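Protein chains: 4
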Amino acid sequence: MSSSFGRVFRVTTFGESHGAGIGVVIDGCPPRVPVSVEEVQRELDRRRPGQSDIVTTRNEADAVEILSGLHEGVTLGTPIAMVVRNTDARPSAYEGMAQAYRPSHADFTYDAKYGIRAPSGGGRASARETIGRVAAAVVARRVIEAIQPGIGILAWVRSIQDIAASVDPSTVRAEDIESNPVRTGDAAAAAVMVDRIKQVRSEGNSVGGVVECVIRHVPAGLGEPVFDKLEADLAKAMMSIPATKGFEIGSGFAGTRMTGREHNDPFRMIDGKVRTVSNRSGGVQGGISNGEDIVFRVAFKPTATILTPQQTVTSAGEDAELAGKGRHDACVLPRAVPIVEAMAALVICDHLLRQRTIL
Amino acid sequence: MSSSFGRVFRVTTFGESHGAGIGVVIDGCPPRVPVSVEEVQRELDRRRPGQSDIVTTRNEADAVEILSGLHEGVTLGTPIAMVVRNTDARPSAYEGMAQAYRPSHADFTYDAKYGIRAPSGGGRASARETIGRVAAAVVARRVIEAIQPGIGILAWVRSIQDIAASVDPSTVRAEDIESNPVRTGDAAAAAVMVDRIKQVRSEGNSVGGVVECVIRHVPAGLGEPVFDKLEADLAKAMMSIPATKGFEIGSGFAGTRMTGREHNDPFRMIDGKVRTVSNRSGGVQGGISNGEDIVFRVAFKPTATILTPQQTVTSAGEDAELAGKGRHDACVLPRAVPIVEAMAALVICDHLLRQRTIL
Amino acid sequence: MSSSFGRVFRVTTFGESHGAGIGVVIDGCPPRVPVSVEEVQRELDRRRPGQSDIVTTRNEADAVEILSGLHEGVTLGTPIAMVVRNTDARPSAYEGMAQAYRPSHADFTYDAKYGIRAPSGGGRASARETIGRVAAAVVARRVIEAIQPGIGILAWVRSIQDIAASVDPSTVRAEDIESNPVRTGDAAAAAVMVDRIKQVRSEGNSVGGVVECVIRHVPAGLGEPVFDKLEADLAKAMMSIPATKGFEIGSGFAGTRMTGREHNDPFRMIDGKVRTVSNRSGGVQGGISNGEDIVFRVAFKPTATILTPQQTVTSAGEDAELAGKGRHDACVLPRAVPIVEAMAALVICDHLLRQRTIL
Amino acid sequence: MSSSFGRVFRVTTFGESHGAGIGVVIDGCPPRVPVSVEEVQRELDRRRPGQSDIVTTRNEADAVEILSGLHEGVTLGTPIAMVVRNTDARPSAYEGMAQAYRPSHADFTYDAKYGIRAPSGGGRASARETIGRVAAAVVARRVIEAIQPGIGILAWVRSIQDIAASVDPSTVRAEDIESNPVRTGDAAAAAVMVDRIKQVRSEGNSVGGVVECVIRHVPAGLGEPVFDKLEADLAKAMMSIPATKGFEIGSGFAGTRMTGREHNDPFRMIDGKVRTVSNRSGGVQGGISNGEDIVFRVAFKPTATILTPQQTVTSAGEDAELAGKGRHDACVLPRAVPIVEAMAALVICDHLLRQRTIL
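First to last, the sequence lines map onto chains A, B, C and D. Counting from 2, one number per residue, gives the positions in the first sequence under the working numbering. Counting from 2, one number per residue, gives the positions in the second sequence under the working numbering. Counting from 2, one number per residue, gives the positions in the third sequence under the working numbering. Counting from 2, one number per residue, gives the positions in the fourth sequence under the working numbering.
Rendered as structure tokens:
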């Protein structure tokens, strides 16, 4: 188990989906940074189930309590512990699943690793674990603002299956994204996506897609070669989110089809600053930010929970058939958007603080 | 600077491309594991320049010396330090470059981060740094053999630009891959790739591509949720290699176009073991290996060094034109293959040792 | 702020003395280890205020709740979060103190470091923080039992000021120590110590002393040179406890007066095992346990809180006089005993798990 | 094996006493700090054998080479690797010892831990390993100067057996200490100490003692509660030095005999700064420096190598007698002085850099 992330701004999450609660401890947060429980709550509400008719109807209040590290709305420099209690746990909905391994879930691998497993709802492997990450990221954003005002982190759904949104990372705005239940920056595509999601849900099926994220106004110099390169830490952060299968930055996999002459980003002096004319690098060169927009994409597989019968085996080692039931998201992408933003915030905050150890 | 990787099997690399030497220290290597300097040398020769007519002609002996941690061919459990001296450094070949930032290299970002930079040859950002990783990985492979015999790690070039090799990850053999200078598992595609590389080199241009890697016979249970998931650590490892722009595992980005019903891997009991019938998971579920082949792909951008004039700026903040010169690889993919394998070995070795702390 | 301890069995504590709660998260605990909330509670009761008439009368229930990581009395291998809510916080008792720095407390240094400070009761610097350590140590003891049955950790008060108890580390029993309110293994000395503590308390003064600890039946081989030597990690663990000023192992400072001939521990084969005839090494040689009893001592300064007027300065930078008030321990030693044991358990548990990564 | 120390300024040492070489890699050193190989060499010469007639006559040149991380006398921000080759290794002098465990050395415990051991000269447990620490500390001192000019670190021999030097930590100067072969600040005591050391050496015996160290002009605010308190990290650093048995800071063990009224350090405003009138805290309160002199003491046991016959056992498990031979220090204290200073420099440098992550 390794439930800590970050070197200086270090978060440790805890909690099973159907246990007493879910939470996080942040160690290494600088003092005197304003944070309110209300803004943490607001962000948790963004990733919470039951927000619209295209996501799971499980309805948790997900009310956060801050146990330590704050006094009168300001950080103390001491560990910040935050807890969300599980109130809508319905272990019974998962009965039967305890025996048959759900395909493409973590049931079997947790048993293989630990020889034991929380009996219902995915336990630690549930996406509910990300509550702690999202809560911590609100604090991370406040720290970022305090150190380097102006950095903006924004994610959106880039595609659902083959339906691609047309979004310009350099101009898309939060209100565009939040204006539709899919959380994409292209209203026309959003409508098509909603239809697709409703359709596959009605079939008991599910879909995946790609989330894209931009981080704007990052100063040049963040990232620590040779192993903690900025893109390496972003890749790890994103690939630690449940259901992710891929990460790419800048030109990504498509860039492998170009020649160097097409791909290189020429430098020019613009307004007295070193800038690149194009941004196939995605804002990072040699593992270090170059001052351009950081742009990356994360692949999410179709939700593993489907409501049609599937072949599987039981924990007793016998072939079986499993008919899915219970609540589920036919598409996790809309709820993944704030989680991608959260992990990006944790990485940027940590590297901003790490950069301060350079003279 | 963060030049250490791994939690238990921990490697720290050091060295600039044109300084006195390049090397690595391994801390946390178990004792009584047989390792010979000859096998380290053999693997370094695989990633060395000057092996064939499609890679850079820089010809370094890259002779490794083991300074500590071994006695009579067996590890002591103490830190293993290995050094390769730089013998073919030609600072003069890089003169002029010290002033103009090479586009899509790390010259500008190193200056932005550190306010200083090794004056020639890429310094720490040079791919020469990976010598330490490759040397350490030889030791990692011996440890893996000692703990879990039978694990095999094999990488190959999957594509160069639009030229895709047809390779079956479950059956491809090392001798197939090493039989051609491109290091791919498809002889027909190899010939086309060689032609393409020679052509772009003759034009002073460069190309990129995708390396694919399989790790076979990994036991179920490796990987540490929620942050040190196996795919997250693999992603970080790969994205820390110079020139990488993307990582995907199993179905990857293509999997986002499928539905859950198509994508899920059904379980079946086969020969008394829990197996999946398909492997869109890529050998990892919930961040933990499931016993199937681990299959992932890494995107490498076209080499940034090209020999045609490019727009850039100088460290003095003036627009300039840079005409590349010096030795360079028109395509790094063949030499990237052993580096991808090396990073995979470091991740697997570390997680095998970490798993031993589980009762 | 660095509130994490341990490499494999890693605890992170959180909480201020007068905030919402105090707690701990354990990451890296092996699965399938039996732990009950009752035994955690029992150990917290040992270090709790208000147990006898020689310690502070602050009376907190200190009721622990386990939020995660356990299912039906067994660890899951996932993070274990435990919280104790602060119920008897009386901020008013500390009013006035917010302005004048209490001498030999951490008020001034926290302000110097963070530029902010929890306003009452010591905040993070309060010994109340050790609740998290003690709770985690109960889990650590269960892990130790599961891996290496028979290890025993026992601490006692060795001296209060000049009053020295006569205790044989190799034979003293828990019931001897718990039979008196001072927690020493010498009933006669205990009586004298109680009188001394009552006397200084009646004078509004305080005393310190030395706690001694033995760890029995540790297998040879624990400890990781060259920096994480067993005695080095024990020293750090003990010196992280509030009010400590010194640590020594085996012969300690007194051993510096001997010659090598007197000091060396001869080896002999006894019952087929390599044993030392004497134990001036204190159970550790070259940073690694040698199978003998590990014996060390920790110096605790007299409690900084006294009830007589003292010279000090205010946070506004003016000389002032401070007359202490509020509840306080005239002697922390009895309550320090379980904390010393707790930190010893954390170190041993961590090193037992680390040793498993050695082939 | 854990051969790394420090969180931000992180050193990793390597090397066995009779292998190819000894060295260190520093990761996390800030860029643009001037360091010369000559000053590293000068400090290594201080801890080198063969400097005077009271230490071992083993005569190694101990010539250091810097392999990376420096360019034209300035740090690059990249890892700094330094190596000293072993030139005077005489494995034959240690023959026979490979079989019989030397009492109070690490021979037996290394075998117990690793099941293998470098065959001669103490291997990794040799004090020769500290070469890497001393070399790294020279760089640490330059970083300290660059960040916080004026900090001074000075250690000396406080006692040899019962011979105590009279030294005032607040006024003693480097030249006083270096003026005598014992490295103490009291010329009269030095003469008595030299006689004692010569006498015990002539008897084939050995002695121990106490080293004291002062760190002056440390700003208030260094140290990271609750586990990485400044005294906790100093304690760990010192207890990781070979042959140490105890650590105390400020009033230390003697302070346990005082009452709180006697022990507390009153605050006063002096020259516009918050100061303490006395310094029983030893410069640290609540784990954080308070701006006063940091004063601590380290107990060194008598050298384990003696030249008279001792009872022991062999690695084959048979009782035996061992007659010491070879070169040895009858008293390590003079050579321990620069090592204590080195470890203090590593701790202060690391915490200075860590403090920069506080806003």
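Heads up, the beta-carbon is just placed ideally off N, CA and C, and yes, glycines get one too. Computed from a predicted structure; not experimentally measured.
Give me the Cα-Cα distance between D/D272 and D/S171, rounded to the nearest whole angstrom. For the purposes of this step, residue 272 of chain D is taken as residue 271 along the fourth sequence, with counting starting at 1. For the purposes of this step, residue 171 of chain D is taken as residue 170 along the fourth sequence, with counting starting at 1. One C-alpha to the other measures close to 18 Å.
Helix, strand or coil: how does DSSP classify D/S203 here? To locate residue 203 of chain D, count along the fourth sequence from 1; it is residue 202. Helix at D/S203.
Contact with chain C by A/Y95, beta-carbon distance below 8 Å: Stepping through the first sequence from its first residue, residue 95 of chain A is reached at position 94. Since pLDDT at A/Y95 reaches only 49, below the 50 mark, its modelled position is unreliable, and the value read off the structure follows with that caveat. Not one chain C Cβ lies under 8 Å of A/Y95.
Which whole runs of the alpha helix (DSSP H) in the stretch 171 to 230 of chain A are 4 residues long or more, in chain order? 175 to 179 and 188 to 203
Comparing C-alpha positions only, which one of A/G22, A/I250 and A/A324 sits nearest to A/L308? Counting from 1 along the first sequence, the entry for residue 308 of chain A is found at position 307. The shortest Cα separation from A/L308 among A/G22, A/I250 and A/A324 belongs to A/A324.
Spell out whether any CB of chain D is found under 8 Å from the CB atom of B/P220. On the second sequence, position 219 is the one that residue 220 of chain B refers to. No, B/P220 does not count as interfacial toward chain D.
Any chain D beta carbon closer than 8 Å to C/A233: Within the third sequence, the letter at position 232 stands for residue 233 of chain C. Chain D, which has a Cβ nearer than 8 Å to the Cβ of C/A233, makes this yes.
Mind checking which residues open and close the alpha helix (DSSP H) that includes D/A345? As a first step, residue 345 of chain D must be located in the fourth sequence, where it is residue number 344. Note, D/A345: alpha helix (DSSP H), L334 to Q356.
Got a sec: which bits of the stretch 70 to 88 of chain B sit with their beta carbon under 8 Å from any beta carbon on chain A, in order along the chain? none
Determine the chain D residues that contact C/E319 at a beta-carbon separation under 9 Å, and present them in chain order. Residue numbering aside, residue 319 of chain C sits at position 318 when the third sequence is read from its first letter. Going along chain D in sequence order, the residues near C/E319 (Cβ under 9 Å) are M270.
Residues bridged to C/V275 (per DSSP): Numbered from its first residue, the third sequence carries residue 275 of chain C at position 274. Its beta-bridge partners are C/M270.
Spell out a yes or no on whether the stretch 10 to 17 of chain D and the stretch 148 to 166 of chain C are touching, meaning 3 or more CB-CB pairs, one atom from each, closer than 8 Å. no
Between B/V9 and chain C, is there a C-beta pair that is closer than 8 Å? For the purposes of this step, residue 9 of chain B is identified with residue 8 of the second sequence, where counting begins at 1. Closer than 8 Å: yes.
Do three or more CB pairs link the stretch 314 to 322 of chain B to the stretch 174 to 193 of chain B at distances below 8 Å? no
Tell me where the beta strand (DSSP E) around B/D320 begins and ends. The residue given as residue 320 of chain B occupies position 319 in the second sequence. Taken as a continuous stretch (DSSP letters only), the beta strand (DSSP E) holding B/D320 covers D320 to A324.
Neighbourhood of C/K302 by C-beta distance below 7 Å, restricted to the same chain and skipping five residues each side: Taking the first residue of the third sequence as position 1, residue 302 of chain C is located at position 301. Correct list, in chain order: G209, A244 and K246.
With the cut-off set at 8 Å, would you say D/L360 and D/I289 are in Cβ contact? As a working note, residue 360 of chain D is residue 359 in the fourth sequence. As a working note, residue 289 of chain D is residue 288 in the fourth sequence. It is not a contact, given that the beta carbons lie outside the stated cut-off.
Straight-line CA distance for A/G253 to B/E342? Taking the first sequence and counting its residues from 1, the one referred to as residue 253 of chain A is at position 252. Taking the second sequence and counting its residues from 1, the one referred to as residue 342 of chain B is at position 341. One C-alpha to the other measures close to 20 Å.
Range of the contiguous alpha helix (DSSP H) that encloses B/F109: As a working note, residue 109 of chain B is residue 108 in the second sequence. B/F109 -> alpha helix (DSSP H) spans D108 to Y115.
What is the DSSP secondary structure of C/R103, reduced to helix, strand or coil? Position 102 of the third sequence, counted from the first residue, corresponds to residue 103 of chain C. Three-state result, C/R103: coil.
Can A/A113 and B/G287 be called in contact, C-beta distance under 8 Å? As a working note, residue 113 of chain A is residue 112 in the first sequence. As a working note, residue 287 of chain B is residue 286 in the second sequence. Going by C-beta atoms, A/A113 is not nearer than 8 Å to B/G287.
Alpha-carbon to alpha-carbon, A/V41 and A/L77: Counted from its first residue, the first sequence places residue 77 of chain A at position 76. Counted from its first residue, the first sequence places residue 41 of chain A at position 40. C-alpha separation (whole angstroms): 17 Å.
For a cutoff of 8 Å on Cβ pairs, would you count A/V26 as touching chain C? By 1-based counting over the first sequence, the position of residue 26 of chain A is 25. With 8 Å as the cut-off, A/V26 counts as an interface residue toward chain C.
For C/H329, count neighbouring C-beta atoms within 10 Å of its own C-beta (all shown protein chains included) and say buried if the count is 16 or more, exposed if not. In the third sequence, residue 329 of chain C corresponds to position 328, counting from 1. Label assigned to C/H329: buried.
Assign D/R159 to one of three DSSP states: helix, strand, or coil. Looking up residue 159 of chain D in the fourth sequence gives position 158. Looking at D/R159 - three-state DSSP - the assignment turns out to be strand.
With C-beta atoms as the reference, is A/A331 less than 8 Å away from A/T304? Numbered from its first residue, the first sequence carries residue 331 of chain A at position 330. Numbered from its first residue, the first sequence carries residue 304 of chain A at position 303. Cβ atoms of A/A331 and A/T304: closer than 8 Å.
Cβ-based neighbour list, D/M239, same chain, cut-off 7 Å, excluding 5 preceding and 5 following: Residue mapping note: residue 239 of chain D aligns to position 238 of the fourth sequence, counting from 1. T245, F248, V299, V341 and M344, listed in sequence order.
From C/G24, C/R142 and C/A101, pick the residue whose C-alpha is nearest to that of C/V36; which is it? Counted from its first residue, the third sequence places residue 36 of chain C at position 35. It is C/R142.
Mark B/E17 as exposed unless 16 or more other C-beta atoms lie within 10 angstroms of its C-beta, in which case mark it buried. For this step, residue 17 of chain B is matched to residue 16 along the second sequence. Buried, since its Cβ has 16 or more Cβ neighbours within 10 Å.
Looking at chain A, is there any beta carbon in it that lies within less than 8 Å of the beta carbon of C/G22? Position 21 of the third sequence, counted from the start, is the residue given in the question as residue 22 of chain C. It does: the Cβ of C/G22 has a partner Cβ on chain A nearer than 8 Å.
Spatially closest choice to A/S167 from A/T79, A/P150, A/I132 and A/V212, by CA coordinates: Along the first sequence, read from residue 1 onward, the residue named residue 167 of chain A stands at position 166. When each option's Cα is compared against that of A/S167, the closest is A/V212.
Amino acids of chain A, ordered along the chain, whose beta-carbon sits closer than 7 Å to that of C/G116: Counted from its first residue, the third sequence places residue 116 of chain C at position 115. Neighbours of C/G116 on chain A, chain order: P32 and R33.
State buried or exposed for C/G222, treating a residue as buried only when at least 16 other CB atoms are found within 10 Å of its CB. Indexing the third sequence from 1 puts residue 222 of chain C at position 221. Classification for C/G222: buried.
Within the same chain, show all residues whose beta-carbon is closer than 8 Å to that of B/N265, passing over the 5 residues directly before and after it, in chain order. Against the second sequence, residue 265 of chain B aligns to sequence position 264. If we look at B/N265 and ignore the five residues flanking it on each side, its Cβ neighbours are R281.
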